[in-house]
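Student: Going by our numbering, the sequence shown opens with residue 94, and the numbers climb by one from there. All C-beta atoms, glycine included, are put in the ideal place defined by N, C-alpha and C.
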Amino acid sequence: MNNTEIISIDSSKGIDDISLKERNSYNKIVSFDQDLIDSLKKEPDELTTRNIYKQIQFLSDNKLNSGIYKVELYKRAIKPITLVAMILLAMLFVFGSTRDVTLGRKIFFGVSLGLSFEMLSRIGGSLALSLDFNPMISAVLPTTVVMVIAITLLIRRSVSN
């Protein structure tokens with residue numbers, strides 16, 4: 094650091110002794126990885142899963158809030174199950190009679206449903222952070238809801254046919 098002011102407070106003698114030192118340059122060895130500090134400038138979705146995990150450990154060790162990184166980590170962990178849930182939901186639009194509804198309407202409704210899921214998933218993560226919910230629940234809940242709805246509708250459709 095250049096042109097540094099160092100303020101020291103000593104209260105060991107019963108009174109506070111404040112001293113000010115000015116230095117042109119100040120070199121101090123730090124005990125953390127500079128890459129971790131640089132990664133604070135990036136959004137969690139720009140980091141690798143390994144770096145997110147390291148970031149969570151670093152922030153937790155320093156008693157800092159790591160909620161946004163935990164939400165991203167849990168979203169990545171649940172991503173394969175989310176993919177299965179969305180495929181099950183898409184099966185409802187692929188199979189079935191096209192007499193009642195046109196193919197264009199099915200595609201439009203399916204895309205709208207997928208975008209709505211993505212938007213609600215992001216809103217859920219933000220709400221979890223602002224309302225101090227468990228980040229794991231905020232990542233798992235939307236996928237669980239979609240999975241239950243998809244399985245229920247597939248069972249109903251297979252029983253009615």
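Quick one: grab the DSSP three-state call for Asn-96.
Tutor: If you number the sequence shown from 1, residue 96 lands on position 3. The answer is strand: DSSP assigns Asn-96 an E or B state.
Student: Do Ser-112 and Ser-101 count as a contact pair if the criterion is CB distance below 7 Å?
Tutor: Your numbering for residue 101 matches position 8 in the sequence shown. Your numbering for residue 112 matches position 19 in the sequence shown. Going by C-beta atoms, Ser-101 is nearer than 7 Å to Ser-112.
Student: Identify whether Ser-105 lies in helix, strand or coil by the three-state DSSP scheme.
Tutor: Counted from its first residue, the sequence shown places residue 105 at position 12. Three-state result, Ser-105: coil.
Student: Just to confirm, is the Cβ distance from Gly-160 to Pro-235 under 7 Å?
Tutor: Residue numbering aside, residue 160 sits at position 67 when the sequence shown is read from its first letter. Residue numbering aside, residue 235 sits at position 142 when the sequence shown is read from its first letter. No, they are not a contact pair.
Student: For Lys-135, which three-state DSSP category applies?
Tutor: Start at 1 with the first residue of the sequence shown, and residue 135 comes out as number 42. Coil, per DSSP.
Student: Would you please state the rounded distance, in angstroms, between the beta carbons of Phe-186 and Phe-202? I believe it to be under 8 Å.
Tutor: Along the sequence shown, one-based indexing puts residue 186 at 93. Along the sequence shown, one-based indexing puts residue 202 at 109. Right, the Cβ-Cβ distance comes to about 7 Å (below 8 Å), so this counts as a contact.
Student: Give the secondary structure of Asn-117 by DSSP, where H, G and I count as helix, E and B as strand, and everything else as coil.
Tutor: Looking up residue 117 in the sequence shown gives position 24. Note: Asn-117 maps to strand in three-state DSSP.
Student: Between Val-164 and Ala-221, how many whole angstroms is the CB-CB distance? I'm expecting something under 8 Å.
Tutor: Locating residue 164 in the sequence shown gives position 71, where the first residue counts as 1. Locating residue 221 in the sequence shown gives position 128, where the first residue counts as 1. So it is a contact: roughly 6 Å between Cβ atoms.
Student: Using 10 angstroms around the beta-carbon of Thr-175, count the other beta-carbons present and answer buried if the total reaches 16, otherwise exposed.
Tutor: On the sequence shown, position 82 is the one that residue 175 refers to. By the 10 Å Cβ count, Thr-175 comes out buried.
Student: Between which two residues does the alpha helix (DSSP H) holding Ser-209 run?
Tutor: Numbered from its first residue, the sequence shown carries residue 209 at position 116. Ser-209 -> alpha helix (DSSP H) spans 196 to 223.
Student: Distance check for Ser-251 and Tyr-146, CA to CA, integer angstroms please.
Tutor: The sequence position of residue 146 within the sequence shown is 53, counting from 1. The sequence position of residue 251 within the sequence shown is 158, counting from 1. Roughly 42 Å between the two C-alpha positions.
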